[in-house]
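Participant: The structure's right below; bear with me while I get my questions together.
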Amino acid sequence: MSSDFEAYEQDFGTLTAEVTNKIGRIPKLSGEEKTQLVLNVDKQLEEVRELLEQMDLEAREIPIQSRAMYNSRLKSYKQEVEKLEKDFKRSRIAYSDEVRNELLGDEASSSENQRAHLLDNTEKLERSSRRLEAGYQIAVETEQVGQEILSNLNSDREKIQRARERDHPESGPGLHPGSHHPSHHHPGHLFECAGPLISPPHTHTHTHTHTFVPPLTQIQTHTCVINSDKSVVQQ
829 MSSDFEAYEQ DFGTLTAEVT NKIGRIPKLS GEEKTQLVLN VDKQLEEVRE LLEQMDLEAR
889 EIPIQSRAMY NSRLKSYKQE VEKLEKDFKR SRIAYSDEVR NELLGDEASS SENQRAHLLD
949 NTEKLERSSR RLEAGYQIAV ETEQVGQEIL SNLNSDREKI QRARERDHPE SGPGLHPGSH
1009 HPSHHHPGHL FECAGPLISP PHTHTHTHTH TFVPPLTQIQ THTCVINSDK SVVQQ
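Just so you know, we're using the working numbering here: the sequence shown kicks off at 829 and counts up by one.
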């Protein structure tokens, strides 16, 4: 986008140089020759204003971090065009001393002063209007920049939140962040044992060859602990 802006800048510089030269020639002319030159300058000034509009559009597309520099250059070009328009208006009613004396004689000076004063008042009104328009444009651009900044901040916040969720996923049901799985510190497990206590075989004991099983009516419930070495301890 900046390359397009700079291309418009070159065209702007060439065209404004031609306009400046022609505006300086207008007061020295009279009759049809002066009329034709005035029309030509007026057409070129319209082209200059179109170039300004194109540069303004290009500046809006430039990234925010570089936009300020281009806006500053654009502002100086607008001021240059305002000066050209002012000089052009004066040149249309101005005459060189030789031409003025030839056309109007002694009354030329008084008439020129009155018209110049009228143009000054008109230009003051135009400048005030342009300042109001510029102020409104600045307010609109400021609001747009603020909206872009807020949008970027919201996007960054969402990225940070997603990163946190990836680093700290939610715990499963029944667990809370920071909790630990319970550790078993008991040497054995507690069971409800039905029937008489029967010791399991040990690696260092003899196997019993006779096992007495009491009647069903004599079966009792005992609480026992089975140790890690498979021994049974009555509770």
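Ideal Cβ positions, reconstructed from N, Cα and C, are used throughout, including at glycine.
What did DSSP end up calling S858 once you bin it into helix, strand or coil?
Facilitator: DSSP places S858 in coil when its eight states are reduced to three.
Participant: Give the range of the alpha helix (DSSP H) segment to which A922 is assigned.
Facilitator: Element bounds for A922: n/a, residue is neither H nor E.
Participant: Mapping DSSP to helix, strand and coil, what is Y836?
Facilitator: Helix.
Participant: Apart from the five residues just before and just after V909, which ones in its own chain have a Cβ nearer than 8 Å to its Cβ?
Facilitator: T844, L873, V876, R877 and L880.
Participant: Alpha carbon to alpha carbon, what distance is there between A991 and E837?
Facilitator: In a straight line, the C-alpha of E837 is about 46 Å away from that of A991.
Participant: What separation, rounded to the nearest whole angstrom, lies between the Cα atoms of K871 and E986?
Facilitator: Cα to Cα, the separation comes out at about 54 Å.
Participant: Which value, in whole angstroms, describes the spacing of the CA atoms of R943 and R920?
Facilitator: One C-alpha to the other measures close to 11 Å.
Participant: If you draw a straight line from the C-alpha of K856 to the C-alpha of P891, how long is it?
Facilitator: Their Cα atoms are separated by approximately 47 Å.
Participant: Can you tell me the Cα-Cα spacing of D995 and S900, whole angstroms?
Facilitator: Approximately 46 Å between the Cα atoms of the pair.
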